[in-house]
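Scroll down for the structure; my scribbles are underneath it.
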Amino acid sequence: MGKLDVAILRYLTAEDFRVLTAVEMGMKNHELVPGSLVASIANLRHGGVYKLMKELCKHRLLTYERGKQYDGYRLTNAGYDYLALKALANRKVIASFGNQIGVGKESNIYIVADEEQNPICLKLHRLGRTCFRNVKDKRDYHAHRNRASWLYLSRISATKEFAYMKALYDRDFPVPRPIDFNRHCVVMELVRGGPLTRVTAVDDPEVLYDELMNLIVRLGNCGVIHGDFNEFNIMLDENGHPIIIDFPQMVSTSHPNAELYFDRDVRCVREFFKKRFGYESELYPRFSELEREDRLDADVECSGYKRSSQHDRDLLQELGIELGEESDESSSEEEFSQDHDASYSTHELDALREQVDASILNDETKPIGELISKTTEL
Ligand code: ADP
Ligand code: MG
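Spelled out as C-alpha cells, the structure:
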C-alpha cells in the first residue's frame with residue numbers, strides 16, 4: 368500500500384478536482400472512461416481537460432489503460448483518496464494529516480487533525496479490491512459491475528459505518544463520536560486507549576465481561592447486532608471501559624441469520640475471556656431473550672439507505688457484504704451503456720454533468736450541523 372502523499376492535495380486545483388469527479392462519475396458505468404466522455408461531463412469552461420488528465424496521470428491519481436474494446440481513464444486508489452480528503456479539507460473537517468495508526472482487515476486508519484489541531488481519526492475503507500480481483504479472475508463474473516466495484520463497495524461500507532456510528536452515538540452507546548464522512552472515508556473521534564487484544568490483564572474480568580455482554584444485549588434490544596464483536600473491535604479507554612468500533616457489517620436482529628451472528632458475537636467474548644483471562648461464566652445472553660426497545664436498525668435503513676436493486680445485492684452478497692444501499696447515488700435507473708461507441712443523448716450527458724455539479728457542491732458544503740452538536744456542548 369503506497370503511502371499517502373498528502374502534499375499533493377495543496378496542488379490540486381478546482382479544475383483537477385472537477386476532472387477527477389468526472390472520471391469518478393464515468394466509472395459508475397465504465398471500467399475505463401473514454402477521454403471524450405470525461406471532457407464532456409467535466410464541462411470545463413475553457414477546455415484543456417486532456418492536459419489536466421495527463422498531469423493527473425503523472426501524479427498517479429488517474430491511469431490511462433488499454434481495454435479490450437476501448438481505451439480510457441480510471442481513478443486510482445490514490446485518486447479516490449484525494450477526492451475524499453480534498454472534500455473533507457474543503458469542508459474544514461480535516462486540516463492536516465498525520466501517521467497511519469492501524470491497518471484493519473479492510474481499512475487503513477490514520478490520525479489527522481482538525482483546524483484547531485485536535486487529533487481525530489480517519490478511516491479509509493478499502494473494500495473489494497483484492498476480493499474483486501479474485502472474482503474477476505473467475506472470468507467476467509459480472510459484466511456490469513466491473514473493476515470500479517472497489518470504489519462502490521468501499522463507499523457503501525463507509526456510508527453504512529457512519530450511519531450506524533451516528534445512530535449508536537445518539538443513543539449514548541460507547542462508540543467514537545462520528546464527525547463526517549465522504550466517499551470511502553469516515554472521520555471520527557480518536558479513541559484514547561488500545562484494542563482489547565493488546566490487554567494482557569484487567570483488574571476485574573467479571574466486570575468487563577458483564578459490561579460487554581450488556582452491550583451486546585443493549586444493541587440487540589435496539590434491533591442490531593455488531594457482527595464482529597471481537598478483541599480487535601473493542602477498545603478500552605483510559606478508565607478501562609469498552610468503546611466499540613468497526614460497524615460496516617452490522618445487521619438488524621430481523622436479519623434471517625440474526626441469531627447466528629448474535630451467538631457468534633457472544634461466543635467471541637466468552638472465548639476471549641477464557642483464553643486471555645482464564646475467566647468463564649455460566650451467564651451469557653441468548654437471542655431469544657432480547658426485548659425490542661428501539662428501532663435503530665430501521666432508523667439507519669431510513670436515513671440514507673435506499674433499496675438496492677437485486678442485481679447489486681447479488682454482487683454484494685457474493686462478496687460477503689450485507690447492507691442497505693448507499694445514500695446519494697442519484698439512482699439514474701437508466702443505466703448507461705458499457706459500450707464506448709454508444710452515443711450519449713444530451714439528456715444522459717446533462718444527467719452526468721448534474722451529478723458532477725451536485726457532488727462538488729456536496730463536497731464543499733459543511734455537513735449536517737446536528738452531528739457536532741454533542742461536541743459544541745463542551
Ligand atoms: P477494520 O474494519 O479494517 O477492522 P477498524 O475500524 O476495526 O478497521 O480499525 C482498525 C484498527 O484501527 C483498530 O483495531 C484500532 O486499533 C484502530 N482504530 C480504529 N478506529 C479508531 C479510533 N476511532 N480511535 C483509535 N484507534 C482506532
Ligand atoms: Mg476491525
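For the sequence shown, our numbering assigns the number 368 to the initial residue and increments by one for each residue that follows.
Just so it is clear, CB atoms sit at the ideal spot from N, CA and C, and this is done for glycine as well.
1) Could you check the C-alpha separation between His547 and Thr388 for me, to the nearest Å?
2) With distance defined between alpha-carbon atoms, name the residue in Ala534, Arg522, Ala374 and Ala568 nearest to Arg550.
3) Please output, in chain order, the residues near the ligand MG using a CB cut-off of less than 7 Å to any non-hydrogen atom of the ligand.
4) Going residue by residue through the stretch 633–670, where are the continuous beta strand (DSSP E) segments of at least 3 residues, counting only ones entirely within it?
5) Quick check: the Cα distance between Pro401 and Ile610, rounded to an integer number of angstroms?
6) Given a threshold of 16 other Cβ atoms within 10 Å of its Cβ, counted over all protein chains shown, does Gln484 qualify as buried or as exposed?
7) Going by the DSSP bridge assignment, what does Arg433 pair with across the sheet?
8) Any idea which residues DSSP pairs Lys490 with across the strands?
9) Leu489: which of Val558, Gly415 and Ser621 sits nearest, CA to CA?
10) Given 8 Å as the limit, tell me if Val609 has its C-beta closer than that to any heavy atom belonging to the ligand ADP.
11) Taking just the CA atoms, how far does Asp666 sit from Leu535?
12) With H, G and I counted as helix, E and B as strand and the rest as coil, what does DSSP make of Gln467?
13) Nearest to Asn581 by alpha carbon, out of Leu657, Pro486 and Leu663?
14) Between which two residues does the alpha helix (DSSP H) holding Met580 run?
15) Between the stretch 630–644 and the stretch 588–604, do three or more beta carbon pairs fall short of 8 Å?
16) Ends of the beta strand (DSSP E) at Ile408?
17) So for Ile601, helix, strand or coil by DSSP?
18) Run the CB neighbour count on Asp372, radius 10 Å, all protein chains shown included, and call it buried at 16 or more, exposed below.
With the structure as the only source:
1) Here residue 547 refers to the residue found at position 180 when the sequence shown is read from its first residue. Here residue 388 refers to the residue found at position 21 when the sequence shown is read from its first residue. One point to set straight first is that residue 547 is Asp, not His, in the sequence displayed. Cα to Cα, the separation comes out at about 19 Å.
2) For this step, residue 550 is matched to residue 183 along the sequence shown. Taking only the C-alpha atoms, the option nearest Arg550 is Arg522.
3) Gly471, Lys472, Asp595, Phe599, Asn600, Ile612 and Asp613
4) none
5) Here residue 401 is taken as the residue at index 34 of the sequence shown, counted from 1. Here residue 610 is taken as the residue at index 243 of the sequence shown, counted from 1. So the alpha carbons of these two residues sit roughly 46 Å apart.
6) As a position in the sequence shown, residue 484 is number 117, starting the count at 1. Classification for Gln484: exposed.
7) Taking the sequence shown and counting its residues from 1, one reaches residue 433 at position 66. Answer is Asp438.
8) Within the sequence shown, the letter at position 123 stands for residue 490. Answer is Ile476 and Val553.
9) Translated into positions along the sequence shown, residue 489 becomes position 122. Of Val558, Gly415 and Ser621, the residue nearest in Cα terms is Val558.
10) Position 242 of the sequence shown holds residue 609. It should be pointed out that residue 609 corresponds to Pro in this sequence rather than to Val. Checking every heavy atom of the ligand ADP against the Cβ of Pro609, none is found closer than 8 Å.
11) For this step, residue 535 is matched to residue 168 along the sequence shown. For this step, residue 666 is matched to residue 299 along the sequence shown. About 11 Å.
12) For the purposes of this step, residue 467 is identified with residue 100 of the sequence shown, where counting begins at 1. Reduced to three states, the DSSP call for Gln467 is strand.
13) Residue 581 sits at position 214 when you count from the first residue of the sequence shown. That would be Leu657, whose Cα lies nearest to the Cα of Asn581.
14) Position 213 of the sequence shown, counted from the first residue, corresponds to residue 580. Here the alpha helix (DSSP H) through Met580 covers Pro572 to Asn588.
15) yes
16) If you number the sequence shown from 1, residue 408 lands on position 41. Run containing Ile408: none in the beta strand (DSSP E); it sits in the alpha helix (DSSP H), Gly402 to Ala409.
17) As a first step, residue 601 must be located in the sequence shown, where it is residue number 234. In this structure, Ile601 counts as strand in the three-state DSSP scheme.
18) Here the question's residue 372 lines up with position 5 in the sequence shown. Its Cβ having fewer than 16 others within 10 Å, Asp372 is exposed.
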